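Sequences listed follow chains A and B, in order. The opening residue of the first sequence carries number 1 in my numbering; numbering runs sequentially from there. The opening residue of the second sequence carries number 230 in my numbering; numbering runs sequentially from there. Below is one structure; the comments refer to it alone.
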Amino acid sequence: MDTDDGRERKDGAGERAPAAPAGLSRPARCAIALGALTVAVVTVVHLGMMFLHVAPPNTVSKQHSSTIADYVLPEFEQNWKFFAPNPLQQNIHVQARAQVRAPDGEVRVTPWTDLSAQDGAAILHNPLPSHARQNQLRRAWDFYLAWHDDQGRPLGKRSPLAEEYLRRIAVSRIDLDREPGDLERVQLRSLTSNVAPPPWSKGQTGDPVRRELAWWRVESDDLKVVRVR
Amino acid sequence: MSVSSVRTAWSDAYARVTGSSLGPYQTALIRIGFSFTWLFFLAREWVNSQELYGPDAPWSWDLARRLTDDNGAFTVLMWSDSGWWFRLVYLLAMVSALLLMLGWRTRTMSVLYMIGLLSLQNRSVFVGDGGDNVLHLMAIYMVFTRCGQVWSLDARRARRRAAAGPGGTAPDESAPGTALTEEGKDRDVPGIVLWTVCGLALAFATTAADARLSWTAHGPVPGIGWAALLWALWSGHGLWWAVRRYGGTEPRAVMAAFGHLIHNAALLAILAEVCLIYGAAGWYKVQGSLWQDGSALYYPLHLDYFSPWPSLSHALAASGVVVLLLSYGTVAVQAAFPFTLINRRVKNVLVVAMIAEHLGIAVLLGLPFFSLVMVFADAVFLPTAFLVCAGGAVGRTAARGWSALVRFNRREIPAQWNRRAGVRASETGETEAAHGKAEAEADPARSTTG
């Protein structure tokens, strides 16, 4: 890959780049050559790793998957499947409700709060949507789904993190001013509705799919979470 | 092609990569572009910063610690869970981004910028998107580029020193980009102070028990820890300064060649990364049935999270032909981009097309920061002649605006201003008029020093 800069210089006045190695002693030239070789090898290895990480799993990358992962993670991790292979075709509404113990000892369950609708309202007609509204809940939900099976059973070491994260998001967003008392437990559910297919296609929309998670006990640490107004 | 012409081409290329830092305008543009985007982002998220990155964010400090303990991601925010440390890091991230954008001590600022950016992003990985991912990679690559050769305060300082007289030497290509390269007898006090402070901070960070900077583990690449990398950068800067100041011609030439080599390799990595982004994005889309039948773009335009202007999105998505053309066009441009680099003219057309598409995405899909990052990533492929021309135009406009501002400050936009000032004085009486006069006298001094 050539930069335009280099090519133009060549096309232009025919001016030659200053030849650094020329006129230097032999050791100096050797040092530069060695440096060039090292930089070239490092660059080729690095770009090779990046390519194998980004490309679909293939003969080479499957064989050396742990080497590639060691090299790439965590700082060079990347994912460029924007809306690919197929874009998401569903609007997912994550909702939350809480179980509150009122000062008089009565235990009540709040109505569902639509957290995704809160996000949607904040994004609507906003030229600069915040990551807090556009990515936080959406990616937390994806994170939870990736680490739990359909029954909500954990699949691995990240599962507790995903659960605690969702729980804290719920606590941060449930409006407790309307619900005085102690927050004891929260529950989340999702309503997934397909985007109506385009008029020129014959697809069906289908009914929204509902998924309800278990009630989770709120820890005392959760109550310190930053409140979203 | 004869053997000798291959040999000439080879030695030409070798002389070029060891003797010059290529793409000075392109690297300066991405320096300004990426640091501006990050600064703009941090300023925009100031009100939400506690919720995104603060100790009591939904992704709490403790959750982040458990994750980073496991995956080894680098973040100075894990050094303390106190609120003031978080505020300090956030502010330092903003300041380093600003100074990198202006090109003040570019080499040092690029490192501080990377530390700030990685710290915040790795603190809360689950609030980021593709734009953050690009910024993350580019911040690391930029540390190794001389991105301050032009359009920077460093370049201006080098120019002035060269113009100042006998003490200075002509600014060779390597001088402006390096924070600590000092020629002649003049002492660069700010540079030495900055270097010393950075060294002390790094020493504290390496020895303090909480800091967890490792020499060999959890680094950017296997075997090289963050302590090793940061100390290498720090001592590299110091050695470079010492060699330029006290070294002979040969050590200087060797060091200069190393600098050029590293810059050129990092620039290559940046260019390759952009190709990889487009190549992969196109490659995966080609496999998707909805991209194949040309209706893919219909769907994002109907997602609540990606349609801040629903009536506009729905109007655009209403036409099957428009959606088809945009969907096919997106796939074609993305998959083709890496190969168009073979032909300059085609490449330039495509770069312009992609910049236009990203500006559209900024508004339509409500992804302004991602789009801004991609626009600057695209712009690294713009031709030098265009960048020089555009840079000149921007510079002239800015100079005109600045001098107008200075004149305004000095009350040299006289007619209406004086008339209005006169009216105001007669209305409000003597004291305020006297005060205004004192202000007018004080201002020119301020504007010339400012």
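Beta carbons are placed, not taken as given, at the ideal position from N, Cα and C, and that holds for glycine. Please read these numbers as outputs of a predicted model, since none were measured by experiment.
Within 8 Å, strictly: CB atoms of residue i and residue j
| i | j | result |
| --- | --- | --- |
| valine 100 of chain A | aspartate 182 of chain A | yes |
| glutamate 274 of chain B | leucine 281 of chain B | yes |
| asparagine 351 of chain B | alanine 302 of chain B | yes |
| proline 198 of chain A | threonine 205 of chain A | no |
| valine 186 of chain A | tryptophan 216 of chain A | yes |
| serine 353 of chain B | alanine 272 of chain B | no |
| leucine 442 of chain B | glycine 454 of chain B | yes |
| leucine 88 of chain A | tyrosine 528 of chain B | yes |
| glycine 360 of chain B | valine 602 of chain B | yes |
| phenylalanine 535 of chain B | glycine 595 of chain B | yes |
| alanine 69 of chain A | histidine 93 of chain A | no |
Short CB-CB distance (under 8 Å) between residue i and chain B
| i | result |
| --- | --- |
| asparagine 135 of chain A | yes |
| aspartate 5 of chain A | For aspartate 5 of chain A, the predicted model reports a pLDDT of 41, less than 50, meaning its position is unreliable; a value from the coordinates is still stated below. So, interface residue. |
| lysine 62 of chain A | no |
| aspartate 70 of chain A | yes |
| glycine 35 of chain A | yes |
| valine 230 of chain A | Not covered by the structure: residue 230 of chain A. The range shown for chain A is 1 to 229. |
| tyrosine 165 of chain A | yes |
| valine 39 of chain A | yes |
| histidine 148 of chain A | no |
| asparagine 79 of chain A | yes |
| proline 154 of chain A | no |
| serine 65 of chain A | no |
| arginine 59 of chain A | This sequence places threonine at residue 59 of chain A; arginine is not what is there. So no, threonine 59 of chain A is outside the interface. |
| leucine 52 of chain A | no |
| leucine 183 of chain A | no |
| glutamate 75 of chain A | yes |
| arginine 217 of chain A | no |
Cβ separation of residue i and residue j, assumed to be a contact under 8 Å, to the nearest whole Å
| i | j | result |
| --- | --- | --- |
| aspartate 533 of chain B | asparagine 86 of chain A | At roughly 18 Å, the Cβ-Cβ gap does not stay under 8 Å, so aspartate 533 of chain B and asparagine 86 of chain A are not in contact. |
| histidine 489 of chain B | serine 249 of chain B | 6 Å |
| glycine 620 of chain B | tryptophan 333 of chain B | In fact, because the Cβ distance is near 18 Å, the residues do not count as touching under 8 Å. |
| valine 318 of chain B | alanine 132 of chain A | That pair is no contact at about 18 Å. |
| cysteine 376 of chain B | arginine 260 of chain B | 4 Å |
| phenylalanine 263 of chain B | phenylalanine 605 of chain B | 6 Å |
Interface flag, residue i vs chain A, CB-CB below 8 Å
| i | result |
| --- | --- |
| threonine 237 of chain B | no |
| valine 418 of chain B | no |
| asparagine 300 of chain B | yes |
| threonine 247 of chain B | yes |
| threonine 605 of chain B | The question names threonine, but residue 605 of chain B in the sequence shown is phenylalanine. No, phenylalanine 605 of chain B does not count as interfacial toward chain A. |
| threonine 407 of chain B | Residue confidence is low: threonine 407 of chain B scores 43 on pLDDT, short of 50, so the model does not pin down where it sits. Its coordinate-derived value is still stated next. No - not a single Cβ of chain A is within 8 Å of the one on threonine 407 of chain B. |
| valine 450 of chain B | yes |
| tyrosine 475 of chain B | no |
| glycine 357 of chain B | yes |
| tyrosine 342 of chain B | no |
| asparagine 572 of chain B | no |
| glutamate 479 of chain B | yes |
| isoleucine 453 of chain B | no |
| phenylalanine 637 of chain B | no |
| arginine 441 of chain B | no |
| isoleucine 261 of chain B | no |
Counted within 10 angstroms of its Cβ, other Cβ atoms place residue i as buried (16 or more) or exposed
| i | result |
| --- | --- |
| alanine 121 of chain A | exposed |
| asparagine 572 of chain B | exposed |
| lysine 514 of chain B | buried |
| valine 633 of chain B | The sequence as given places alanine at residue 633 of chain B; valine does not occur at that position. Classification of alanine 633 of chain B: exposed, given that the 10 Å Cβ count is below 16. |
| proline 253 of chain B | buried |
| alanine 547 of chain B | exposed |
| histidine 64 of chain A | exposed |
| alanine 399 of chain B | Note that alanine 399 of chain B scores 42 on pLDDT, short of 50, meaning its location in the model is unreliable; the coordinates nonetheless yield the value given after this. Per the 10 Å Cβ criterion, exposed. |
| phenylalanine 637 of chain B | exposed |
| alanine 622 of chain B | exposed |
| histidine 587 of chain B | buried |
| glutamate 164 of chain A | buried |
| glutamate 184 of chain A | exposed |
| leucine 554 of chain B | exposed |
| proline 220 of chain B | Past the boundaries of the shown model lies residue 220 of chain B; chain B is included only from 230 to 679, so the question cannot be answered. |
7 Å Cβ cut-off: residues of chain D touching residue i
| i | result |
| --- | --- |
| valine 483 of chain B | Protein chains in the displayed structure are A and B, and chain D is not among them. |
Mind listing which residues of the stretch 81-101 of chain A have their C-beta closer than 7 Å to chain B's C-betas, in chain order? Listed in sequence order: Lys81, Phe82, Phe83, Ala84, Pro85, Asn86, Pro87, Leu88, Gln89 and Asn91.
Note down, in chain order, all residues in the stretch 196-215 of chain A with a beta-carbon under 7 Å from any beta-carbon belonging to chain B. Only those residues of the stretch 196-215 of chain A whose C-beta falls short of 7 Å from the nearest C-beta of chain B are listed: Pro198, Trp200 and Ser201.
Taking only beta carbons into account, state which residues of the stretch 109-133 of chain A come closer than 9 Å to chain B, listed in chain order. Here the close residues are Ser116, Ala117, Asp119, Gly120, Ile123, Leu124, His125, Asn126, Pro127, Leu128, Pro129, Ser130, His131, Ala132 and Arg133.
What residues in the stretch 497-518 of chain B bring their beta carbon closer than 9 Å to a beta carbon of chain A? Sequence-ordered contacts of the stretch 497-518 of chain B with chain A read Leu497, Ala498, Leu500, Ala501, Glu502, Cys504, Leu505, Ile506, Tyr507, Gly508, Ala509, Ala510, Gly511, Trp512, Tyr513, Lys514, Val515, Gln516, Gly517 and Ser518 [C-beta pairs closer than 9 Å].
Give me the subset of the stretch 275-293 of chain B whose CB atoms are less than 7 Å from a CB atom of chain A, sorted by chain position. For the stretch 275-293 of chain B, which is checked against every Cβ of chain A, the residues closer than 7 Å are Asn277, Gln279, Glu280, Leu281, Gly283, Asp285, Ala286, Pro287, Trp288, Ser289 and Leu292.
Output, in sequence order along the chain, the residues in the stretch 313-325 of chain B whose CB is closer than 7 Å to any CB in chain A. Listed by position along the chain: nothing, the set is empty.
Closer than 9 Å, Cβ to Cβ, to anything on chain A: give me those residues from the stretch 533-557 of chain B, in chain order. Those residues of the stretch 533-557 of chain B that come within reach of chain A (Cβ to Cβ, closer than 9 Å) are Asp533, Tyr534, Phe535, Ser536, Pro537, Trp538, Pro539, Ala546, Ala547, Gly549 and Val552.
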